[in-house]
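Participant: Protein chains in written order, with full-length UniProt numbering: chain A, 1 to 167; chain B, 1 to 345. Idealized CB from N, CA, C, for every residue including glycine. Input: one structure, supplied below.
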């Protein structure tokens, strides 16, 4: 339990650093650290597959692309746009309202007893695969189609239009 | 989780760490010897017999060289880059079984640091992290050639990871497990996976060359175009860390290939040898066989380096996306069909 609190503290610390650092490349690096703490949480929950997928997909692929784009744009402290005072005031008011709403909803929340999973090995690869390909086969296949169509769409948007190029 | 278990793992990790470091150090020596042999030269022969002390001399040189941190660079990230590259390259050895369970002082010791049931995915995750060292170092140098090298490294790694993952999926259809230990055990007695997955192995091998940034895919550090690529601004030990990381990656990918496709520690006539030598000395032969396979793969890496010319960047991308990925997908489909038909018969 103390390990959980330590890792949770690190998650919050790193996510705060993502917001508060001025250099966007540092922000991405802190975000990677945040994702790493999530991976540790998944392992603590005995969800090994989710942990490793989080590791590969978020830390290994998506964040590399983030870093890639930021390095090419070469954003720095000097090039960061300075926002006007009006925008800052609006931001403070909106953020404050959100905070009040969150605190209110947490106060209203009933804390339930810790629930025990019927099968603590549910997060292992074999069990997860069996469930995905029997009980949740249709949603699983539908989401894969959705991802495929998103991919095709992205390629189509990025492709040069032959007609406008010639004409 | 008794004390003996922790001590056992600690000793295993220490041995593995020292072994990995010394293999990486002697890979630099072997690389020069192989290069010299292929080019009909003598190679390093001044430090010790056959130049065997050359890695020590090189290490000493790197420690005493001047460390230069360019004034326009980002100091912290400039140091973090090579450190991260070296750190990540070591992580992969944790899940590789280097031998059968061995009996030492009345205890049965598994020769694997940890047998997690997502071992292959773990290796895959470590490989995908490897690119950060190159990217961070290349960007922090504040040099356009370094940045170009870093960007090449990142896009190359991401592209070849896909083909690598797809080739592993076909292997998983055969093995039905993600644990390295079980995969090594399944290949006992000539059931090596290379027999069932020859195409998958070739795809994996090509991707391993690309992931370790070795010739013919060493475009991130292509001297003729980018001076030195991502490590242009590095000198002294930080440069050495990058070089070491490359050799350790080579060792880890050789070990992974030997375990996944070439039977790991299994060899013909293993049962007879094991029953003749007992539970302590039998597995030792297995360890020796495993390391012979790894060294053979490392030699293959070097052989290719000194015989095959470097690809052009667009050729590299074409090979990855238009050749390897379709081939890997075809391999999955064929494997799946064959397995289904064989099961039905």
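Would you identify the three-state DSSP class for residue 103 of chain B, choosing helix, strand or coil?
Facilitator: Start at 1 with the first residue of the second chain, and residue 103 of chain B comes out as number 103. In this structure, residue 103 of chain B counts as strand in the three-state DSSP scheme.
Participant: By how many angstroms is the C-alpha of residue 169 of chain B removed from the C-alpha of residue 87 of chain B?
Facilitator: In the second chain, residue 87 of chain B corresponds to position 87, counting from 1. In the second chain, residue 169 of chain B corresponds to position 169, counting from 1. Inter-residue distance for residue 87 of chain B and residue 169 of chain B is about 27 Å (C-alpha atoms, whole angstroms).
Participant: Quick check: the region 245–263 of chain B against the region 81–100 of chain B, are at least 3 beta-carbon pairs closer than 8 Å?
Facilitator: yes
Participant: What's the gap between the Cα of residue 20 of chain B and the Cα of residue 248 of chain B?
Facilitator: Mapped onto the second chain, residue 20 of chain B falls at position 20. Mapped onto the second chain, residue 248 of chain B falls at position 248. Answer to the nearest angstrom: the Cα atoms are 7 Å apart.
Participant: Have a look at residue 4 of chain A and residue 122 of chain B and give me their C-alpha separation to the nearest angstrom.
Facilitator: For the purposes of this step, residue 4 of chain A is identified with residue 4 of the first chain, where counting begins at 1. For the purposes of this step, residue 122 of chain B is identified with residue 122 of the second chain, where counting begins at 1. Rounded to the nearest angstrom, the two C-alpha atoms are 22 Å apart.
Participant: For residue 267 of chain B and residue 261 of chain B, what's the separation of their Cα atoms in angstroms?
Facilitator: On the second chain, residue 267 of chain B is found 267 positions in, with the first residue counted as 1. On the second chain, residue 261 of chain B is found 261 positions in, with the first residue counted as 1. When rounded, the distance between both Cα atoms is 13 Å.
Participant: Closer than 9 Å by beta-carbon distance: list the chain A residues that pair up with residue 303 of chain B, in chain order.
Facilitator: For the purposes of this step, residue 303 of chain B is taken as the residue at position 303 of the second chain. Per Cβ cutoff of 9 Å: no residues; residue 303 of chain B is ~30 Å from chain A at best.
Participant: Name, going along the chain, the residues of the region 50–61 of chain A whose beta-carbon falls closer than 7 Å to a beta-carbon of chain B.
Facilitator: 52, 55, 56, 59, 60 and 61
Participant: Could you tell me which of B:64, B:162 and B:98 sits nearest to residue 326 of chain B, measuring between CA atoms?
Facilitator: Mapped onto the second chain, residue 326 of chain B falls at position 326. Answer by Cα proximity: B:162.
Participant: So which of B:187, B:127, B:324 and B:210 has the shortest CA-CA distance to residue 100 of chain B?
Facilitator: For the purposes of this step, residue 100 of chain B is taken as residue 100 along the second chain, with counting starting at 1. When B:187, B:127, B:324 and B:210 are compared, the shortest CA-CA separation from residue 100 of chain B is found for B:187.
Participant: Give the range of the alpha helix (DSSP H) segment to which residue 314 of chain B is assigned.
Facilitator: Here residue 314 of chain B is taken as the residue at index 314 of the second chain, counted from 1. Looking at the DSSP string, the run of the alpha helix (DSSP H) that includes residue 314 of chain B is 313–318.
Participant: Pick out whichever of B:217, B:178 and B:172 has its Cα sitting closest to the Cα of residue 157 of chain B.
Facilitator: For the purposes of this step, residue 157 of chain B is identified with residue 157 of the second chain, where counting begins at 1. Checking every option, the nearest Cα to that of residue 157 of chain B belongs to B:217.
Participant: Let me make sure I understand the geometry here. Which of B:66, B:32 and B:67 has the alpha-carbon closest to that of residue 51 of chain B?
Facilitator: Along the second chain, read from residue 1 onward, the residue named residue 51 of chain B stands at position 51. Closest by alpha carbon: B:32.
Participant: Going by DSSP in three states, residue 308 of chain B sits in which element: helix, strand or coil?
Facilitator: In the second chain, counting from the first residue as 1, residue 308 of chain B sits at position 308. Of the three classes helix, strand and coil, the one that applies to residue 308 of chain B here is coil, per DSSP.
Participant: Let me confirm a value: residue 167 of chain A is counted as buried when at least 16 other C-beta atoms fall within 10 Å, else exposed. Which label applies?
Facilitator: Counting from one through the first chain, the residue named residue 167 of chain A turns up at place 167. In this predicted model, residue 167 of chain A has a pLDDT of only 45, less than 50, meaning its place in the structure is not dependable; the value taken from the coordinates is given anyway. Exposed, because fewer than 16 other Cβ atoms sit within 10 Å of the Cβ of residue 167 of chain A.
Participant: When the distance is taken between beta carbons, is residue 94 of chain B closer than 8 Å to residue 113 of chain B?
Facilitator: The residue given as residue 113 of chain B occupies position 113 in the second chain. The residue given as residue 94 of chain B occupies position 94 in the second chain. Yes; because the gap between Cβ atoms is below 8 Å, this pair is in contact.
Participant: What does the Cβ neighbour count give for residue 2 of chain B, buried or exposed, with the cut at 16 atoms within 10 Å?
Facilitator: Within the second chain, numbered from 1, the residue matching residue 2 of chain B stands at position 2. Exposed, since its Cβ has fewer than 16 Cβ neighbours within 10 Å.
Participant: Across which residues does DSSP place residue 108 of chain B in a beta bridge pair?
Facilitator: Counting from 1 along the second chain, the entry for residue 108 of chain B is found at position 108. For residue 108 of chain B, which the question treats as bridged, DSSP gives the partners B:103.
Participant: Of all the residues that make up the region 11–26 of chain A, which are near chain B by a beta-carbon distance shorter than 9 Å?
Facilitator: 23, 25 and 26
Participant: Given a cut-off of 8 Å on the beta-carbon distance, is the pair residue 226 of chain B and residue 278 of chain B in contact?
Facilitator: Numbered from its first residue, the second chain carries residue 226 of chain B at position 226. Numbered from its first residue, the second chain carries residue 278 of chain B at position 278. In this structure, residue 278 of chain B does not lie closer than 8 Å to residue 226 of chain B by Cβ.
Participant: Could you have a look at residue 142 of chain B and say whether DSSP puts it in helix, strand or coil?
Facilitator: Looking up residue 142 of chain B in the second chain gives position 142. Reduced to three states, the DSSP call for residue 142 of chain B is coil.
Participant: Would you kindly report the start and end of the unbroken alpha helix (DSSP H) that includes residue 225 of chain B?
Facilitator: The residue you call residue 225 of chain B lines up with position 225 of the second chain. Here the alpha helix (DSSP H) through residue 225 of chain B covers 223–226.
Participant: Name the chain A residues whose beta carbon is nearer than 8 Å to that of residue 116 of chain B?
Facilitator: For the purposes of this step, residue 116 of chain B is identified with residue 116 of the second chain, where counting begins at 1. What residue 116 of chain B touches in chain A: 48.
Participant: Give me the Cα-Cα distance between residue 314 of chain B and residue 104 of chain A, rounded to the nearest whole angstrom.
Facilitator: Numbered from 1 along the second chain, position 314 holds the residue referred to as residue 314 of chain B. Numbered from 1 along the first chain, position 104 holds the residue referred to as residue 104 of chain A. Looking at the two C-alpha atoms, the distance is approximately 57 Å.
Participant: Determine, using beta-carbon pairs with one atom in the region 114–133 of chain B and one in the region 167–186 of chain B, whether at least three such pairs fall under 8 Å.
Facilitator: yes
Participant: Let me check understanding here. Comparing Cα to Cα, which of B:97, B:108 and B:30 lies closest to residue 301 of chain B?
Facilitator: Locating residue 301 of chain B in the second chain gives position 301, where the first residue counts as 1. It is B:30 whose Cα lies nearest to the Cα of residue 301 of chain B.
Participant: Taking 8 Å as the threshold, find out whether the region 234–243 of chain B comes into contact with the region 61–70 of chain B through three or more Cβ pairs.
Facilitator: Result yes; three or more Cβ-Cβ pairs closer than 8 Å.
Participant: Can you tell me whether DSSP reads residue 187 of chain B as helix, strand or coil?
Facilitator: On the second chain, residue 187 of chain B is found 187 positions in, with the first residue counted as 1. Coil.
Participant: Judging by CA-CA distance, which residue of B:12, B:295 and B:286 is the nearest neighbour of residue 109 of chain B?
Facilitator: Translated into positions along the second chain, residue 109 of chain B becomes position 109. The shortest C-alpha separation from residue 109 of chain B is found at B:12.
Participant: Is any beta-carbon of chain B found at less than 8 Å from that of residue 181 of chain A?
Facilitator: Past the edges of chain A, shown from 1 to 167, lies residue 181 of chain A, and the structure says nothing about it.
Participant: Any beta carbon of chain B sitting closer than 8 Å to that of residue 87 of chain A?
Facilitator: Stepping through the first chain from its first residue, residue 87 of chain A is reached at position 87. Closer than 8 Å to the CB of residue 87 of chain A there is not a single CB belonging to chain B.
Participant: Taking 8 Å as the threshold (C-beta atoms), are residue 230 of chain B and residue 223 of chain B in contact?
Facilitator: Numbered from 1 along the second chain, position 223 holds the residue referred to as residue 223 of chain B. Numbered from 1 along the second chain, position 230 holds the residue referred to as residue 230 of chain B. When the beta-carbon positions are compared, residue 223 of chain B and residue 230 of chain B stay at least 8 Å from each other.
Participant: Using a cut-off of 7 Å between C-beta atoms, extract the partners of residue 122 of chain B located in chain C.
Facilitator: Absent from the structure: chain C. Protein chains present are A and B.
Participant: Would residue 73 of chain A count as contacting chain B if we go by Cβ distances under 8 Å?
Facilitator: Indexing the first chain from 1 puts residue 73 of chain A at position 73. With 8 Å as the cut-off, residue 73 of chain A does not count as an interface residue toward chain B.
Participant: Of all the CB atoms in chain B, is at least one closer than 8 Å to the CB of residue 131 of chain A?
Facilitator: Here the question's residue 131 of chain A lines up with position 131 in the first chain. Interface criterion not met: the Cβ of residue 131 of chain A is under 8 Å from no Cβ in chain B.
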